[in-house]
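Reading through the C-alpha cells given below for one structure.
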Amino acid sequence: MNEDKLKNNSSIQKDTLSIFQIAVMTTICVASLRTLPPMAEEGRASILMYIIPAILFLIPTSLVSAEFATTYKGGIYVWIREAFGNRMGFVAIWLQWIQNVVWYPVQLAFVAAALAFTINRGDLSNSGLFTAVVIIVVYWLSTFLAFKGGNLFAKVSSIGGMIGVLIPGAILIVLGILWMAQGQPISESYLQSSYIPKITGISSLVLIVSNVLSYAGMEMNAVHAGQMENPKKDFTKAIALAFILILCVFIFPTLAIAIAIPADKLGMANGIMVAFQEFFEKLNISWMSNVISGAMFFGAISSVVTWVAGPSKGLLDAGKTGLLPPILQKVNKNNVQVNILIFQGIIVTILAMIYVLFPDVSDVFIALIGMAAALYVIMYMLMFAAIIVLRKKEPNIERGYKVPAVNIVSGIGFISCALAFVMSFIPTTSEAAIPRNIYPIVVAIVVFLLGIPPFIFYMFKKPSWDMRTAQEKGEKPIH
3 MNEDKLKNNS
13 SIQKDTLSIF
23 QIAVMTTICV
33 ASLRTLPPMA
43 EEGRASILMY
53 IIPAILFLIP
63 TSLVSAEFAT
73 TYKGGIYVWI
83 REAFGNRMGF
93 VAIWLQWIQN
103 VVWYPVQLAF
113 VAAALAFTIN
123 RGDLSNSGLF
133 TAVVIIVVYW
143 LSTFLAFKGG
153 NLFAKVSSIG
163 GMIGVLIPGA
173 ILIVLGILWM
183 AQGQPISESY
193 LQSSYIPKIT
203 GISSLVLIVS
213 NVLSYAGMEM
223 NAVHAGQMEN
233 PKKDFTKAIA
243 LAFILILCVF
253 IFPTLAIAIA
263 IPADKLGMAN
273 GIMVAFQEFF
283 EKLNISWMSN
293 VISGAMFFGA
303 ISSVVTWVAG
313 PSKGLLDAGK
323 TGLLPPILQK
333 VNKNNVQVNI
343 LIFQGIIVTI
353 LAMIYVLFPD
363 VSDVFIALIG
373 MAAALYVIMY
383 MLMFAAIIVL
393 RKKEPNIERG
403 YKVPAVNIVS
413 GIGFISCALA
423 FVMSFIPTTS
433 EAAIPRNIYP
443 IVVAIVVFLL
453 GIPPFIFYMF
463 KKPSWDMRTA
473 QEKGEKPIH
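If you use this note's numbering, the sequence shown closes out at 481, no skipped numbers anywhere.
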C-alpha cells in the first residue's frame with residue numbers, strides 16, 4: 003500500500019508546469035471579462051480606475067508573491083505560518099479558501115449568463131432558477147474533474163483561458179477598432195466621460211477603492227510553483243507575463259465596450275454578452291455572439307476549475323499538521339483532497355439557492371462580491387505584513403527573487419487592502435438586494451460566521467489529527 007502511495011506521489015511530481023501555463027492560469031484567476039461592463043460605464047475614467055489599483059495592489063501583490071513562491075515551498079499557508087505561527091497560517095489559508103467558496107456562485111452566475119446567450123435565450127440570464135441550476139451542475143462537474151488530479155486542471159485552465167478570456171478580449175479590441183474605422187456612433191456616456199474619475203458620493207469612492215479586488219488572485223497559483231522545472235526563475239517570469247496580460251485584458255476591451263455600447267445596456271451578470279451581441283448585430287454577423295458566448299462559457303468554467311484546485315490544496319496542507327479532523331484530510335488515489343472538495347461543493351450548492359430567493363441576479367451578484375472581498379483583503383493584509391516580518395526574522399535565507407524597497411511596497415499594499423476592507427461594508431448601488439441601512443450588518447455577520455471556524459478548529463484540535471509522517475514533520479518549507 004505504501005509503495006502504491008509513493009508511485010502515485012512520484013508520478014504527480016513528474017508533471018511540470020510551464021511559464022506560459024502558470025501565466026495563463028494566473029491571468030484567468032485574476033482577469034475576468036464579466037467585470038468589464040461595469041467599468042465601461044465609467045468611460046475614459048476606467049483607464050485610471052484600472053491603473054491606480056494596479057499600482058497600489060497588483061504590483062505589490064505580484065512582487066511579494068514572486069518572492070514568497072521562490073523562497074518557500076507552498077502557498078499562503080506556509081508564508082503566513084513562517085511569519086506568525088501555525089494558527090495564523092491556518093486562518094490565512096482558510097480565508098483564501100472560504101472567500102472562494104463565496105466567489106464560486108458569483109463566477110458561475112456569469113457562466114449561466116454565457117450559456118443563456120449561447121443557446122439564444124438571453125432572457126434566461128436574469129432567471130434566478132436557471133442561474134442556480136447552472137451553478138450547481140457546472141460546479142459539481144468541475145469538482146469531479148479536479149478529482150482526477152495531476153496537471154489535468156492546468157491543461158484545462160490554460161486552454162480554457164486562451165479560448166474564454168484572451169481570445170474574446172482580443173476580439174473586443176478588434177471590434178472597437180472596426181467600430182471607429184466604420185464611423186459608427188460613439189456612445190454618449192463615453193463622449194461625456196472624463197479621464198479623471200468622478201467622485202460624486204460615497205458609492206463612487208467605494209467603486210474606485212473596491213476595484214483593488216479586481217486584481218485579487220496573483221498569489222493563488224504560487225502553490226503550484228514547485229511543479230515548475232526552475233521555480234526560482236520561471237515563476238517570476240510567469241508572474242511578469244501574467245501582469246502584462248491582465249492589464250491588456252482589462253483596459254483595452256473595456257474601452258472598446260465604452261466606445262460602442264450605451265451604459266444603460268450593460269447589466270452586471272450578462273453585460274459582456276450584451277456588448278458582444280450589440281457589436282455583432284451592427285456588423286450583420288449576429289450568429290458570432292453565440293460562438294463567443296460559448297467560448298466565454300468554457301473559459302469561465304476553466305477559471306472555476308483552476309480555483310477549485312488551488313485553495314483547497316492549501317487547506318489540505320494546513321489540515322495535515324493537525325488543524326483539520328481526519329475526515330477532511332482524506333485524499334483519493336490521485337492525492338486529491340476529495341472530502342474538502344465535497345464539503346465546499348455542499349456550501350456552494352446552498353449559496354446557489356440565493357439566486358432562487360432573489361429574482362434580481364445582479365443584486366445578488368453585487369452582495370456576494372462585497373462579502374467575499376471583506377474576507378479576502380484580511381488574508382492580503384496578513385501576507386503583506388508577513389514578508390516584512392520574515393525579512394527580519396530570516397534575513398540570510400536564499401531568495402530566488404527579492405522585492406525592492408520591501409517596506410514601502412508592502413506598506414502600500416497593506417494600506418490599499420485596509421481601505422478596501424472598510425469599503426466592502428458599503429454597497430455600491432442604492433438598488434442592492436439587501437437594504438442599504440442593514441447591508442453593513444449583514445456583511446459583518448457573514449464575515450464573522452465564515453471567519454470564525456479556523457479558530458474553533460484550532461481550539462478543539464487533537465494530537466491524533468496530525469497525520470504527517472516523522473519525515474514530513476522535519477521538512478523545511480524552503481526551496
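Cβ coordinates follow ideal geometry from the N, Cα and C atoms, glycine included.
A quick note: this is a predicted structure, and the numbers were derived from the prediction, not measured.
Asked, Found
"With Pro456 as the anchor, note down where its alpha helix (DSSP H) starts and where it stops.", "455–462"
"Give the DSSP bridge partners of Ile480, in chain order.", "Tyr74"
"Do the stretch 253–262 and the stretch 59–71 touch if we need at least three Cβ pairs shorter than 8 angstroms?", "no"
"Per DSSP, which one or two residues make a beta bridge with Asp468?", "Thr323"
"What ranges does the alpha helix (DSSP H) occupy inside the stretch 33–89, keeping only unbroken runs of at least 4 residues that lie completely in it?", "38–42, 47–55, 61–71, 78–86"
"Less than 7 angstroms between the CB of Leu19 and some heavy atom of the ligand PLP, yes or no?", "As for the ligand PLP, it is missing from this structure, which has no ligand bound."
"Excluding five sequence neighbours on each side, which residues of the same chain lie with their C-beta closer than 6 angstroms to the C-beta of Cys419?", "Val379, Tyr382, Met383"
"Following the continuous alpha helix (DSSP H) through Asn341, name the residue where it begins and the one where it ends.", "340–354"
"Compare the Cα-Cα distances from Pro170 to each of Leu35, Asn213, Val136 and report the closest residue.", "Leu35"
"Give every residue of the same chain whose Cβ lies closer than 7 angstroms to the Cβ of Val103, excluding the five residues on either side of it in the sequence, and list them in chain order.", "Gln346, Ile349, Val350"
"Look at the Cβ atom of Thr72, then the Cβ atom of Thr238, and state whether they are nearer than 8 angstroms.", "yes"
"Helix, strand or coil for Ala376, going by three-state DSSP, please let me know.", "helix"
"Give the straight-line distance between the Cα atoms of Asn398 and Gly413, rounded to the nearest whole angstrom.", "22 angstroms"
"Once you ignore the five residues that flank Thr133 on each side, which residues in its own chain have a CB closer than 6 angstroms to its CB?", "Ala111, Ala114, Tyr357, Val363"
"Taking the alpha-carbon of Pro455 as reference, which of Leu97, Ala302, Lys75 has the nearest alpha-carbon?", "Leu97"
"Rounded to whole angstroms, what is the Cα-Cα separation between Ala302 and Phe119?", "14 angstroms"
"So the alpha helix (DSSP H) Leu247 belongs to, where does it begin and stop?", "233–262"
"Can you find the residues in the same chain that come closer than 6 angstroms, C-beta to C-beta, to Trp267, ignoring five residues on each side of it along the sequence?", "Trp is not the amino acid found at residue 267; the sequence shown has Lys there. So the qualifying residues of the chain are Val276."
"For the 8 angstroms Cβ check, are there 3 or more pairs between the stretch 171–182 and the stretch 385–405?", "no"
"Roughly how far, in whole angstroms, is the beta-carbon of Val214 from the beta-carbon of Ala422, given that I think they are within contact range, below 8 angstroms?", "4 angstroms"
"Here's the rule: buried if 16 or more other CB atoms are within 10 angstroms of the residue's CB, otherwise exposed. What is Val32?", "buried"
"Measure the alpha-carbon distance for Ile352 versus Leu452 and round it to whole angstroms.", "14 angstroms"
"Return the residue from the list Ser144, Gln23, Ala172, Glu477 that minimises the CA-CA distance to Ser304.", "Ser144"
"May I have the straight-line CA-CA distance separating Asn128 from Leu330, to the nearest angstrom?", "36 angstroms"
"With Met275 as the anchor, note down where its alpha helix (DSSP H) starts and where it stops.", "273–284"
"Quick one: measure Cβ to Cβ for Val310 and Leu343, integer angstroms, because I've assumed they're closer than 8 angstroms.", "7 angstroms"
"Taking 8 angstroms as the threshold (C-beta atoms), are Leu392 and Glu190 in contact?", "no"
"So, for Leu486: in the same chain, excluding its five sequence neighbours on each side, which residues have a beta-carbon less than 8 angstroms away from its beta-carbon?", "This structure gives no information on residue 486, because the portion of the chain shown stretches from 3 to 481."
"From what residue to what residue does the alpha helix (DSSP H) around Ile179 run?", "169–183"
"Less than 8 angstroms between the C-beta atoms of Met230 and Ile24, yes or no?", "yes"
"Out of Arg401, Lys395, Ile390, point me to the one whose CA is closest to Ala407's CA.", "Ile390"
"Looking at the unbroken alpha helix (DSSP H) that takes in Thr145, where does it start and where does it end?", "130–148"
"Would you kindly report the start and end of the unbroken alpha helix (DSSP H) that includes Asn409?", "408–425"
"List the endpoints of the continuous alpha helix (DSSP H) containing Glu190.", "190–193"
"Determine the contact status of Leu243 and Ile21, defining contact as a CB-CB distance below 8 angstroms.", "yes"
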